[in-house]
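Participant:
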Amino acid sequence: MKQRPAADISDLPTFGHGARSPTWWGTLGFMALEGTGFALAAGAYLYLATLWPSWRLSAPEPNHWPGTIVTILLIVSLVPNHILHRYAERCAMLPVRIGMIVMSLFGIAPLVVRWFEFPALNIYWDTNAYGSMLWVLLGLHTTHLITDVGDTIVLTVLMFTRHGYSGRRFGDVGDNVFYWDFVVLTWIPIYLLIYWMPRLG
Amino acid sequence: MSSADITGDRDISKPDTASKGDIAPERDGPRDTGMDDARLHRWLERTWRTPPGIVGALSSVDHKVIARRYLITAFVFLCLGGLNAIAMRIQLSGPQRGLIGPDLYNQLFTMHGVTMMFLFAVPIVQATGIYLVPLMVGTRNIAFPRLNAFGYWIYVSGGVFAWVSFALNMAPDVGWFAYVPLSGPEFAPGKRADVWAQMITYTEVSSLAVAVATIVTVFKQRAPGMSLDKIPLYVWAMLVTSFVVVFAMPAVMITSTFLILDRLVGTHIFNPAEGGDVLLFQHLFWFFGHPEVYIIFLPATGMVSSIIPVFARRPTFGHLGLVLSLVAVGFLSFGLWVHHMFATGLPKLGASFFTASSMMIAIPNGVQIFCWLATLWDGRPVVRTPLLFVFGFFFIFVIGGLTGVMLASVPLDLQVHDTYFVVAHFHYVLIGGSVFPLLGAAYFWFPKISGRMMSERLGRWHFWLAFIGFNATFFPMHLVGLWGMPRRVYTYPAELGWGNINLFISAGAVLFFLSFVLFIFNLAHGALKGAPAGNNPWNAGTLEWATSSPPPSYNFARIPIATHVEPLWAEREALPVATGLRVDARELLISTVAEAHPDIREKSAAPSIWPLLAAISVGATFVYSIFTPWAVVWGAAPIAITLIGWFWPKGDPEDEE
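If you read the sequences in order, they're chains F and H. Per the numbering used here, the first sequence runs over residues 1 to 201. Per the numbering used here, the second sequence runs over residues 202 to 858.
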């Protein structure tokens, strides 16, 4: 078929931040499907909780303190996370490098506390279905935490190499910020389900 | 957009001074502007081709190469699943035959269902989308091409894993939906149910990856001008399907993960003795399982919407109505799952709600059927093989839909639950609703994929053999189901009098099987000796027909501009194109979501062996994990290494700005 040039796109930029970039949409897609996973796991927990009149099945209350510390750490981490985002959009290398190190540390810290969260549940996964669901919910979120921290550390290293001086890498930093928001956001309902719902009933 | 500056020769390197912040200046390369066709082809071919050699082939990220592999693999699984069915039909052809015992029979029907649903139906509709969606939206590759390659490798590993297990007498034997407690630790010792659970994980990871890639391709890589109202219906169908995948597939992954946890580490999620619940499994499974039907069906409606206007010789009647129907079906598909559970003693009010919603989904599906009929009515239909299969689809799917409306009513459902009536119903819906359109699509797009035509005469023979074979097989199942024959029994006593009709069904199954043998022959014959197809053998209107058959590695020498929903019918003289992309790096055009305004020249990923290596480490972890939970810990290191290898820039022009 014959062609007729009708538009010139040679002056378009070679990268874009946020919703202009396909990677952002891909990240959003994965958030949607992982969020569905979280919602269904939480739904399964609530389904079982409403099914059994004496939910918690005579297990002791979980100790909420390690979980509360994780929650505080995660919420506080949103501040440097969004400062980092602003610098990533401006493609400013030095503050981005500092921000990535800070966010790596803010990723590792809740993981350390998370180690103490599992025993603080005061029940094992194989004791009864209540214990199983607690471990599943906490495990599901921990998987996300570990993967995102791993991703953040690799990206931090990458930003210290010559490959960092690229619009797409700064875009990756922006998407990493976006995904961390998701990790923090999904934790809140899970935190409430694990530690505060048993206290209601 | 202006065409004023298209004449300037951009072959000379010009540093990009537009960059802001700490970004290395773009190393500009030659552009396609003003380049003559032969030179443009040489450049693009060098940039976009799949590297030669075995490692090159395994590194391919070309959506067409991956899609071809997907299509062939899924077709092989269709044949394997079909052989399962033939084995079962031989066993059932008379009362108390001794060919197959109950244990093998259990594995056979489970493998048949699992193979057809997870290894054939979903992968083949997604594979068709992987091939066609980038071409139809006028781009050069799918979004996230390495993720797409990874999805294929994971899918193949899952399929091989299931079938090797079958060869080792270790195949799942608990039915394709593997209800607990039958599949739980108490009643399913050994590894057979674990094979089911992990095979699910493989195939769902793969379809989720493809779904995300498809959504982003449709959102961000459409040709300039292809605003939402100009997106072809097939692309809409794949978009809606991908959204259904994103929200439905996690449910089955959660289900299979819970099951494997119960079996492997002793959780009690499905164990009522310790506070769990068996019906939770069914809720989670069917929250996926019902949308699954539409994941298979919606792409088929997209195929029908592509075939009908071409052979009716007029644009589709009710384009907007068809789009809205697709979206409505996508939403409603999530509100039906409980109708699979009417026999579990749910509260009556809840059951009534799901009866109502099951009947409601017939409305948008009816709208689609009437729009297609109106298109044919008002057009000047030319009956060729693809259209014959569409007619077959109408006939069979409407019957399946009617028995579906019957089954939506609780009293009838309770009577025929787990009988051959249900088997007949869902084969009418799935084969009528998906396989017939797929066969039509195969005849329709084969010339694009292979560059050659399939035989029309053999095609007509194929259609009638398939149509008669299908109905001979599955229509009598309605009757034998109403007479009370339960599904999933390996034999039946002669006194029940089901012998003759089962012999008839088995004969029909052989006929249906032979139709596929004829199809394979026609495919091979077409590929080797078919008449050359040319770019657009059917004189169709969408963009995949604007390029050569088979399309070159870069799809389009210049990015087309869409001025109409059928751009090739609107622009018969010359296709408007956009110029200005680099030809020495894999550049493609990113556009805005709603209006498809050109926005970014982005580089698409270069070939890489790492997605294969990542798939191997993920796959090995899955297999290992049916034996010990520590697999997740040991598997983490190779997975992390391969993923870093995948994402770490290698210094290709695609990695740099």
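Every residue, glycine too, gets a C-beta built ideally from N, C-alpha and C.
Suppose the cutoff is 7 Å on Cβ atoms and the five residues either side in sequence are ignored; what does the same chain contact list for MET561(H) look like?
Facilitator: Answer for MET561(H): LEU533, listed in chain order.
Participant: Put GLN3(F) into one of helix, strand or coil per three-state DSSP.
Facilitator: Three-state result, GLN3(F): strand.
Participant: What residues from chain F crowd round PHE448(H), counting only those whose CB sits closer than 8 Å?
Facilitator: Simply ALA32, LEU33 and THR36.
Participant: Check whether chain F comes within 8 Å of PHE345(H), counting only Cβ atoms and requiring the distance to be less than that.
Facilitator: For PHE345(H), the answer is yes, since a Cβ of chain F falls inside 8 Å of its Cβ.
Participant: Please name the residue in TRP55(F), ASP11(F) and GLY18(F) whose C-alpha comes closest to that of LEU213(F).
Facilitator: Outside the displayed span of chain F (1 to 201) sits residue 213(F), for which this structure offers no information.
Participant: DSSP three-state label for VAL778(H), please.
Facilitator: Strand at VAL778(H).
Participant: Between THR161(F), PRO66(F), MET103(F) and THR50(F), which has its C-alpha nearest ASN176(F)'s C-alpha?
Facilitator: Residue MET103(F) is the option with its Cα nearest to ASN176(F).
Participant: In the region 9-29 of chain F, which residues sit with their C-beta less than 8 Å from some C-beta in chain H, listed in chain order?
Facilitator: Answer set for the region 9-29 of chain F: ILE9, SER10, ASP11, LEU12, PRO13, THR14, PHE15, GLY16, ALA19, ARG20, SER21, PRO22, TRP25, GLY26 and GLY29.
Participant: For PRO839(H), I'd like the list of residues in its chain whose CB is within less than 6 Å of its CB, leaving aside the five on either flank, ordered along the chain.
Facilitator: Here the set comprises SER818.
Participant: For MET93(F), decide whether its Cβ has a neighbour in chain H, counting only Cβ atoms nearer than 8 Å.
Facilitator: It does: the Cβ of MET93(F) has a partner Cβ on chain H nearer than 8 Å.
Participant: Less than 8 Å between the beta carbons of PHE479(H) and PRO382(H), yes or no?
Facilitator: Note on identity: in this sequence residue 479(H) is Val, with Phe being the wrong assignment. It is a contact, given that the beta carbons lie within the stated cut-off.
Participant: To the nearest angstrom, report how far apart PHE182(F) and PRO768(H) are at their CA atoms.
Facilitator: Using only the alpha carbons, I get a separation of about 40 Å.
Participant: Do THR620(H) and MET542(H) have their C-beta atoms within less than 8 Å of each other?
Facilitator: No; because the gap between Cβ atoms is not below 8 Å, this pair is not in contact.
Participant: Would you verify that the beta carbon of SER204(H) is, or is not, closer than 8 Å to some beta carbon of chain F?
Facilitator: Reliability fails at SER204(H), whose pLDDT of 38 lies under 50, so the model's placement of it is uncertain and no value is given.
Participant: Any idea which residues DSSP pairs LEU790(H) with across the strands?
Facilitator: Paired residues: ARG802(H).
Participant: THR620(H) bridges to which residues according to DSSP?
Facilitator: Bridge partners of THR620(H): PRO687(H).
Participant: Here's the rule I'm using: 16 or more other beta-carbon atoms within 10 Å means buried, otherwise exposed. How should SER553(H) be labelled?
Facilitator: With fewer than 16 Cβ atoms within 10 Å of its Cβ, SER553(H) is classed as exposed.
Participant: I'd like the ranges of any beta strand (DSSP E) spanning at least 3 consecutive residues and lying wholly in the region 79-164 of chain F.
Facilitator: Complete beta strand (DSSP E) runs here, min 3: none at all.
Participant: Less than 6 Å between C-beta atoms, sequence neighbours within five positions excluded: which residues of the same chain meet that for HIS765(H)?
Facilitator: Here the set comprises ALA771.
Participant: Per DSSP, PRO761(H) forms a beta bridge with which residues?
Facilitator: PRO761(H) pairs with VAL778(H).
Participant: Please report the Cβ distance between VAL70(F) and LEU84(F), rounded to the nearest whole angstrom; I am assuming they are in contact, meaning their Cβ atoms lie under 8 Å.
Facilitator: 20 Å between Cβ atoms; not a contact.
Participant: THR442(H) and PRO386(H) - do their beta-carbons sit closer together than 8 Å?
Facilitator: Taking 8 Å as the Cβ cut-off, PRO386(H) and THR442(H) do not qualify as a contacting pair.
Participant: Going by the CB atoms, is the gap between PHE310(H) and GLY282(H) shorter than 8 Å?
Facilitator: Not in contact: GLY282(H) and PHE310(H) (Cβ atoms no closer than 8 Å).
Participant: Check each residue of the region 406-433 of chain H: if its Cβ is closer than 9 Å to any Cβ of chain F, include it; give the result in chain order.
Facilitator: Listed by position along the chain: LEU409, ALA412, VAL413, ALA414, ILE416, VAL417, THR418, PHE420, LYS421, GLN422, PRO425 and GLY426.
Participant: With a CB to CB cut of under 6 Å and the five nearest residues on each side skipped, what residues in its chain are close to ALA708(H)?
Facilitator: Once the five neighbours on either side are set aside, ALA708(H) has no close Cβ partner at all.
Participant: Cβ of HIS469(H) less than 8 Å from any chain F Cβ?
Facilitator: Interface residue, yes.
Participant: For chain F, check one thing: does any of its Cβ atoms lie closer than 8 Å to the Cβ of ILE213(H)?
Facilitator: Per-residue confidence for ILE213(H) stands at a pLDDT of 33, beneath the threshold of 50, marking its modelled position as unreliable; no derived number is given.
Participant: From ALA424(H), MET655(H) and ASP463(H), pick the residue whose C-alpha is nearest to that of ALA394(H); which is it?
Facilitator: If we check each option's Cα against that of ALA394(H), ASP463(H) comes out closest.
Participant: Report yes if the CB atom of LEU776(H) is closer than 8 Å to the CB atom of ARG162(F), and no otherwise.
Facilitator: No, the pair does not count as a contact, with Cβ atoms beyond the cut-off.
Participant: Please state the DSSP three-state secondary structure of PRO733(H).
Facilitator: In the structure shown, PRO733(H) sits in a strand (DSSP, three-state: E or B).
Participant: Taking the straight line between their C-alpha atoms, what separation do you get for PHE118(F) and PHE351(H)?
Facilitator: The straight-line gap from Cα to Cα measures roughly 33 Å.
Participant: Step through the CB atoms of chain F and report whether any lies within less than 8 Å of the CB of ASP478(H).
Facilitator: Yes, contact with chain F.
Participant: Taking three-plus beta-carbon pairs below 8 Å as touching, is the region 590-607 of chain H in contact with the region 626-639 of chain H?
Facilitator: Counting Cβ pairs under 8 Å, three or more are found: they touch.
Participant: With DSSP as the reference, please indicate the residues paired to ARG658(H) in a beta bridge.
Facilitator: According to DSSP, ARG658(H) bridges with nothing at all.
Participant: Is ASP126(F) close to chain H? Criterion is C-beta to C-beta, closer than 8 Å.
Facilitator: For ASP126(F), the answer is yes, since a Cβ of chain H falls inside 8 Å of its Cβ.
Participant: PRO799(H) versus chain F: which residues are under 8 Å apart at the beta carbon?
Facilitator: Near PRO799(H) (Cβ distances below 8 Å), the residues of chain F are ALA7, ILE9 and LEU12.
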